[in-house]
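Enquirer: Residue 16 in numbering that gives the first Met the number 0 is what sits at position 17 of the sequence shown, and the numbering runs on without skipping anything.
Just so you know, even glycine gets a beta-carbon here, dropped at the ideal spot from N, CA and C.
Structure below; questions to follow.
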Amino acid sequence: MPKSHGTIAIEAERCKGCDLCVHFCPPQVLRLGAQRNTLNHRVVELFDEPRCTGCEICAKVCPDMAIVAVYREVAS
Ligand code: SF4
Ligand code: SF4
Numbered sequence: 000m001p002k003s004h005g006t007i008a009i010e011a012e013r014c015k016g017c018d019l020c021v022h023f024c025p026p027q028v029l030r031l032g033a034q035r036n037t038l039n040h041r042v043v044e045l046f047d048e049p050r051c052t053g054c055e056i057c058a059k060v061c062p063d064m065a066i067v068a069v070y071r072e073v074a075s
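In structure tokens:
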């Protein structure tokens, strides 16, 4: 079965640290990090990139479109 690997690009200034994407990420590879943006919101981070599948769910559930890109590669 092909395995897919992904990564994401986060626009820190758009993130309000709502945690929604953290809960929806199937492999649970997102968390709120220590970094804060200029609005003092904690910014989400991808802490276990090798396990990101590039499923795009985080980008789809984010109300603020803070996950601006999802990259995915499929290796057979
Ligand atoms: S693309 Fe999918 S696996 Fe990767 S961080 Fe987003 S929800 Fe999680
Ligand atoms: S990236 Fe979007 S869904 Fe995730 S914590 Fe930030 S604002 Fe919320």
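For LEU29, is the classification buried or exposed, using 16 other Cβ atoms within 10 angstroms of its Cβ as the cut-off for buried?
Expert: Here residue 29 refers to the residue found at position 30 of the sequence shown. Under this definition LEU29 is a buried residue.
Enquirer: If you follow the beta strand (DSSP E) that HIS4 is part of, which residue opens it and which one closes it?
Expert: If you number the sequence shown from 1, residue 4 lands on position 5. Per DSSP, HIS4 belongs to the beta strand (DSSP E) from 2-9.
Enquirer: Kindly confirm or deny that the stretch 50-58 and the stretch 31-41 touch, where touching means at least three C-beta pairs closer than 8 Å.
Expert: They do not touch, by the three-pair rule.
Enquirer: Could you spell out the range, first to last residue, of the alpha helix (DSSP H) harbouring ALA65?
Expert: Position 66 of the sequence shown holds residue 65. From DSSP, ALA65 is part of no alpha helix (DSSP H); its letter is neither H nor E.
Enquirer: Say the cut is 6 Å; is the CB of ILE9 nearer than that to a heavy atom of ligand 1?
Expert: Within the sequence shown, residue 9 is the residue found at index 10, counting from 1. No, the beta carbon of ILE9 sits no closer than 6 Å to any heavy atom of ligand 1.
Enquirer: Would you tell me roughly how many angstroms separate the C-alpha atoms of PRO62 and LYS15, rounded to the nearest one?
Expert: Position 63 of the sequence shown, counting from 1, holds the residue named residue 62. Position 16 of the sequence shown, counting from 1, holds the residue named residue 15. About 10 Å.
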